[in-house]
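One structure below.
In the working numbering, the protein residues as written are 4 to 154.
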């Protein structure tokens with residue numbers, strides 16, 4: 004099959020990488036670079052990079068697949084990460100911290116949730132952080148209210 008300009012460019016990139024890694028001498032690189040510019044088919048380009056670690060470029064697509072698409076195994080569906088429950092509890096406690104006084108549970112569950120999220124690769128970090136921010140704001144609010152009540 005005939006090679007395109009993009010195929011020649013990819014082959015030259017493989018040759019450049021081989022030269023930069025010290026796998027080709029200057030003379031070898033120049034000879035192969037000129038041969039890549041003159042190459043007409045995939046076979047000629049593949050022969051130029053066959054001994055390099057990047058290997059030959061991908062073969063052209065075949066007109067017929069060996070196995071019909073109906074019988075191919077579908078790619079795995081990425082599983083959603085579970086949301087940390089303590090992060091949600093921290094968020095709820097932080098939201099209600101200005102009405103009642105659950106700011107301490109918001110802070111405790113927020114910090115616990117963040118450590119569990121890091122350890123277990125879970126979702127919900129945004130809820131834990133928001134719960135912590137609201138918890139600290141609630142703690143500052145209630146501390147100010149207490150100080151004003153004393154004064």
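In this text, a Cβ means the ideal position worked out from N, Cα and C, and glycines have one as well. Treat the numbers as computed from the prediction; the structure is a model and nothing was measured.
Asked                                                                                                                                         : Found
Could you give the residue range of the alpha helix (DSSP H) that holds residue 191?                                                          : Nothing about residue 191 can be read from this structure; the chain reaches only from 4 to 154.
Quick check: residue 134 and residue 96, are their CB atoms within less than 8 Å of each other?                                               : yes
Look at the alpha carbon of residue 6 and the alpha carbon of residue 76, and state the distance between them as a whole number of angstroms. : 31 Å
In three-state DSSP terms, what is residue 126?                                                                                               : strand
Comparing alpha-carbon positions, which option in 15, 146 and 79 lies nearest residue 100?                                                    : 146
Rounding to the nearest angstrom, what Cα-Cα distance links residue 88 and residue 78 in this structure?                                      : 30 Å
Determine the direct distance from the alpha carbon of residue 136 to that of residue 123, and round the result to whole angstroms.           : 22 Å
Compute the distance between the beta-carbons of residue 38 and residue 51, then report whether it is under 8 Å.                              : yes
Residue range of the alpha helix (DSSP H) that residue 24 falls in?                                                                           : Note, residue 24: premise wrong, no alpha helix (DSSP H); not H, not E.
Would residue 131 and residue 117 be called neighbours here (beta carbons separated by less than 8 Å)?                                        : yes
What residue range does the alpha helix (DSSP H) around residue 52 cover?                                                                     : 45-52
In the DSSP assignment, what are the bridge partners of residue 5?                                                                            : 44
Just mark residue 56 as buried or exposed, buried being the case when its beta carbon has 16 or more other beta carbons within 10 Å.          : exposed
Smallest Cα separation from residue 138: which of 111, 86, 4 and 150?                                                                         : 111
From the DSSP secondary-structure annotation, give me the bridge partner or partners of residue 99.                                           : Note: residue 99 sits in no beta bridge, so no partner.
Report the rounded CA-to-CA distance for residue 59 versus residue 90, giving the unit in angstroms.                                          : In this predicted model, residue 59 has a pLDDT of only 48, less than 50, meaning its place in the structure is not dependable; the value taken from the coordinates is given anyway. Answer to the nearest angstrom: the Cα atoms are 50 Å apart.
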